[in-house]
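Quick notes on the structure that follows.
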Amino acid sequence: MPGERIVIAGGGAAGFFAAIACAQARGGKEVFVLERSSQFLSKVRISGGGRCNVTHAALDPRTFSTRYPRGERALIAALHRFSPEDTIAWFQRHGVRLKVEPDGRMFPVTDSSGTVIDCLMFEAKAAGVQPLARKGVEKARRNSTGGFDLTLSDGTSMSCHRLLLATGGARTLGGPQIAETFGHTIEPPVPSLFSFHISTPWLRSLPGVSLANVELAVIATKLRQRGALLITHNGVSGPAVLRLSAWGARLLAEMDYYFTLRINWLPDQHESALTGELRARRETQPKRQVASDPFPPLPSRLWGQLVHAAGIPPETIWTTLSRSQLLELVRLLTRCELLVEGKSLNKEEFVTCGGVRLRDVDFRTMQSRLTPHLYFAGELLDIDGITGGFNFQSAWTTGWIAGRAMADV
Ligand SMILES: Cc1cc2nc3c(=O)[nH]c(=O)nc-3n(C[C@H](O)[C@H](O)[C@H](O)COP(=O)(O)OP(=O)(O)OC[C@H]3O[C@@H](n4cnc5c(N)ncnc54)[C@H](O)[C@@H]3O)c2cc1C
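Adding 51 to a residue's 1-based position in the sequence shown gives its number in our numbering.
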């Protein structure tokens, strides 16, 4: 009966998870997933480099929530209701075993996102969900029964009793506009999880060089991160850079991705101790060329380029290294300043910062506080996490809560 019909706009991770939870709880009656494109779950397919980083292991909900630059507070209770452990158990129960990588990321043992897609499609059908492709929800209007009349992209219309918006990042068309019609505020969308463009020639000559631990800071801000870094063809990437981009998503957008990045290549070394150690080389290996005598754990190619950038001629040996050259080398090792002039999205995972303002949503049900029977889940909300499976976890958690609430359980 249309009066009891539930429509989920968006056939992505959050939409499917909500649909399955809802249909399983209410015995499969009249649960529709309307997808604008021709493909369901297309982001799941490309996620995690085709392997789908489903969630992150071994963190309690409180700690887990600290991995969200936006959404941390709202997610704490929600993650207690449907936790990463619940996700692992859910997929296991439905035939998808997950494995943990050393950094905590969890993937299907098959290393294929297809396994996750097959599972979600199978379980949706088994629960009686009706997925309809090429049916974008363009407009929604409140009707006299307290439900919604929907205008769809194929020119048809449909009515429903409850509507879940799970249309993904707030830069997409449809979801944010519908939310706004019902009085919701959209926090302006900007990208998160990106790498930095740097055109400094010596850095550009080092693509592929990686470091296990550097310290990054954006000059004139409080943004700081420590961790692994990768030098790429057009700048820097890697976990520390992506985390910095996530925590600084809004500020860096305001700076138009034009700022000075300070890198400490040896964050575990105190500057004065480092100076002392380099000075000591004048005594211990006076005849060795500075450029070919790297300082562990720095990769030798990076060391060579830093020596070059410090203006030290290649033939210089330790004993002829001047005081000012040594100090300049120490400065570059510990406070290397590079101009960032743009960004590129991370191929493995990127998300939108911004979306439906969280205080207008009741996270016990994911229902709108402004319009009864309107629900939200997934990336459309102003929630985004760092890389590592946190973004899918928020889609599973908010989707599950919304699905169960729409089924009145
Ligand atoms: C390349 C890449 C790799 C990623 N890898 C990972 C990873 O490994 N782990 C992780 O945790 N996160 C990853 N993410 C992030 C993750 O994919 C998203 O956070 C997650 O997909 C959000 O789920 P969602 O259902 O809210 O949105 P989406 O997955 O974007 O789904 C929304 C769906 O709604 C549809 N839609 C939009 N508007 C309408 C409309 N008006 N009517 C009907 N349908 C509509 C869209 O076509 C889409 O199919 C990755 C992202 C990218 C881009």
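Backbone N, C-alpha and C define an ideal beta-carbon position, used for all residues, glycine too.
Open item on the list: Contact defined as beta carbons within less than 8 Å: I believe His461 pairs with Gly440. What is the distance between those atoms, to the nearest angstrom?
Closed with: Examination of residue 461 is not possible in this model, given that the chain is present from 52 through 460 alone.
Task: Exposure of Lys94, with buried meaning 16 or more beta-carbon neighbours within 10 Å - done: Walking along the sequence shown from the start, residue 94 turns up at place 43. Classification of Lys94: buried, given that the 10 Å Cβ count is 16 or more.
TODO: Using the Cα positions of Gly187 and Trp253, report the straight-line distance between them to the nearest angstrom.
DONE: Stepping through the sequence shown from its first residue, residue 187 is reached at position 136. Stepping through the sequence shown from its first residue, residue 253 is reached at position 202. Straight-line Cα distance between these residues: approximately 49 Å.
Task: Exposure of Gln143, with buried meaning 16 or more beta-carbon neighbours within 10 Å - done: In the sequence shown, counting from the first residue as 1, residue 143 sits at position 92. Result: exposed.
Task: Nearest-angstrom Cα separation, counted from Arg213 out to Arg56 - done: Within the sequence shown, numbered from 1, the residue matching residue 56 stands at position 5. Within the sequence shown, numbered from 1, the residue matching residue 213 stands at position 162. When rounded, the distance between both Cα atoms is 7 Å.
Task: Bridge-paired residues (DSSP) for Ile270 - done: By one-based count along the sequence shown, residue 270 stands at place 219. Beta-bridge pairing links Ile270 to no other residue.
- [ ] Inspect the beta-carbon positions of Ala140 and Gly450 and report whether they are closer than 8 Å.
- [x] Numbered from 1 along the sequence shown, position 89 holds the residue referred to as residue 140. Numbered from 1 along the sequence shown, position 399 holds the residue referred to as residue 450. Not closer than 8 Å, so no.
Task: Straight-line gap, Ser395 to Glu388 (C-alpha atoms, nearest Å) - done: Taking the sequence shown and counting its residues from 1, the one referred to as residue 395 is at position 344. Taking the sequence shown and counting its residues from 1, the one referred to as residue 388 is at position 337. A straight-line Cα-Cα distance of about 20 Å links Ser395 and Glu388.
Open item on the list: Would you call the segment 95-114 in contact with the segment 152-166, where contact means no fewer than 3 C-beta pairs closer than 8 Å?
Closed with: yes
Open item on the list: Applying the 10 Å Cβ sphere with the 16-neighbour rule, what's the burial state of Gly197?
Closed with: Walking along the sequence shown from the start, residue 197 turns up at place 146. By the 10 Å Cβ count, Gly197 comes out exposed.
Task: Local Cβ density within 10 Å of Ser89, reported as buried at 16 or more and exposed below that - done: As a position in the sequence shown, residue 89 is number 38, starting the count at 1. Ser89 comes out exposed.
Open item on the list: Let me check one thing: in DSSP terms, what residues is Met209 bridge-paired to?
Closed with: Residue mapping note: residue 209 aligns to position 158 of the sequence shown, counting from 1. Per DSSP, Leu201.
Task: Option nearest Ala191 by Cα separation, candidates Ala178, Leu432, Leu216 - done: Counting from one through the sequence shown, the residue named residue 191 turns up at place 140. With distances taken between Cα atoms, Ala191 lies closest to Leu216.
Open item on the list: So if DSSP puts Ser419 in a beta bridge, which residue, or which two residues, is it bridged to?
Closed with: Looking up residue 419 in the sequence shown gives position 368. The partner list for Ser419 (beta bridge, DSSP) reads Val412.
TODO: Would you give the residue range spanned by the beta strand (DSSP E) that Lys394 belongs to?
DONE: Counted from its first residue, the sequence shown places residue 394 at position 343. That run of the beta strand (DSSP E) goes 387-396.
TODO: Give the straight-line distance between the Cα atoms of Leu384 and Glu328, rounded to the nearest whole angstrom.
DONE: Within the sequence shown, residue 384 is the residue found at index 333, counting from 1. Within the sequence shown, residue 328 is the residue found at index 277, counting from 1. Roughly 13 Å separates the two Cα atoms.
- [ ] Enumerate in chain order the residues of its own chain whose CB-to-CB distance from Pro53 is below 6 Å, with the five nearest sequence positions on each side excluded.
- [x] Working through the sequence shown from its first residue, we reach residue 53 at position 2. Model confidence at Pro53 stands at a pLDDT of 46, short of 50, so the residue's coordinates are unreliable; what they give is reported in the following sentence. Once the five neighbours on either side are set aside, the close Cβ partners of Pro53 are Ser210.
Open item on the list: Using only the alpha-carbon positions, how far apart do Ile229 and Thr422 sit?
Closed with: For this step, residue 229 is matched to residue 178 along the sequence shown. For this step, residue 422 is matched to residue 371 along the sequence shown. Rounded to whole angstroms, Ile229 to Thr422 spans 12 Å at the Cα level.
Open item on the list: Using CA atoms only, rank isn't needed, just tell me which of Gly225, Ala221, Gly220, Gln181 is closest to Thr202.
Closed with: Here residue 202 is taken as the residue at index 151 of the sequence shown, counted from 1. Here the closest residue by C-alpha is Gly225.
- [ ] Starting from the N-terminal side, write out each stretch of the alpha helix (DSSP H) that is 4 residues or longer and does not extend beyond the segment 236-296.
- [x] 252-255
Task: DSSP bridge partner residues for Phe158 (one or two, in chain order) - done: On the sequence shown, position 107 is the one that residue 158 refers to. Partner(s): Lys150.
Open item on the list: Spatial neighbours of Glu266 within its chain, please: C-beta separation below 6 Å, excluding the five flanking residues on both sides.
Closed with: Here residue 266 refers to the residue found at position 215 when the sequence shown is read from its first residue. Cβ neighbours of Glu266 beyond the five flanking positions: Arg277, Asn315, Pro318.
Open item on the list: Measuring only the C-alpha atoms, how far is Lys338 from Gln320?
Closed with: As a working mapping, residue 338 is identified with position 287 in the sequence shown. As a working mapping, residue 320 is identified with position 269 in the sequence shown. Going from the Cα of Lys338 to the Cα of Gln320 covers about 25 Å.
TODO: Mark Thr461 as exposed unless 16 or more other C-beta atoms lie within 10 angstroms of its C-beta, in which case mark it buried.
DONE: The structure shown does not extend to residue 461, since the chain spans only 52 to 460, so no value can be given for it.
- [ ] Have a look at the DSSP bridge pairing and note the partners of Arg313.
- [x] Numbered from its first residue, the sequence shown carries residue 313 at position 262. Arg313 is bridged to Ala268, Glu388.
- [ ] Rounded to whole angstroms, what's the CA-CA distance from Ile127 to Ser134? Just pull it up for me.
- [x] Your numbering for residue 127 matches position 76 in the sequence shown. Your numbering for residue 134 matches position 83 in the sequence shown. Roughly 10 Å separates the two Cα atoms.
Task: Same chain, Cβ closer than 6 Å to Leu380, neighbours up to 5 away in sequence not counted - done: Position 329 of the sequence shown, counted from the first residue, corresponds to residue 380. Same-chain partners within the cutoff: Ala361.
Open item on the list: I'd like to confirm something about Lys398: is its beta-carbon nearer than 7 Å to some heavy atom of ligand 1, or not?
Closed with: Numbered from 1 along the sequence shown, position 347 holds the residue referred to as residue 398. Checking the Cβ of Lys398 against ligand 1 gives yes.
Open item on the list: Considering only heavy atoms of ligand 1, does any lie closer than 7 Å to the CB of Ile57?
Closed with: As a position in the sequence shown, residue 57 is number 6, starting the count at 1. Taken from the Cβ of Ile57, every heavy atom of ligand 1 lies 7 Å or farther away.
TODO: Could you say which of Met457, Glu322, Ile434, Gly405 lies nearest to Leu425 if we only look at CA atoms?
DONE: To locate residue 425, count along the sequence shown from 1; it is residue 374. It is Met457.
Open item on the list: Please report the distance separating the alpha-carbon of Pro290 from that of Gly122.
Closed with: In the sequence shown, residue 290 corresponds to position 239, counting from 1. In the sequence shown, residue 122 corresponds to position 71, counting from 1. Approximately 20 Å, taken between the alpha carbons.
Open item on the list: At a cut-off of 7 Å, would you count Arg374 as near ligand 1, judging by its Cβ distance to the nearest heavy atom?
Closed with: In the sequence shown, counting from the first residue as 1, residue 374 sits at position 323. No; taking the cut-off as 7 Å, the Cβ of Arg374 has no heavy atom of ligand 1 nearer than that.
- [ ] Find out if the Cβ-Cβ distance for the pair Glu430, Thr403 is shorter than 8 Å.
- [x] Counting from 1 along the sequence shown, the entry for residue 430 is found at position 379. Counting from 1 along the sequence shown, the entry for residue 403 is found at position 352. It is a contact, given that the beta carbons lie within the stated cut-off.
Open item on the list: One question on the structure: do Ala178 and Ala74 come within less than 8 Å of each other, judged by their Cβ atoms?
Closed with: As a working mapping, residue 178 is identified with position 127 in the sequence shown. As a working mapping, residue 74 is identified with position 23 in the sequence shown. Closer than 8 Å, so yes.
Task: Spatially closest choice to Ser246 from Gly219, Leu92, Ala300, Thr232, by CA coordinates - done: By one-based count along the sequence shown, residue 246 stands at place 195. If you compare the alpha carbons of Gly219, Leu92, Ala300, Thr232 with that of Ser246, the shortest gap goes to Ala300.
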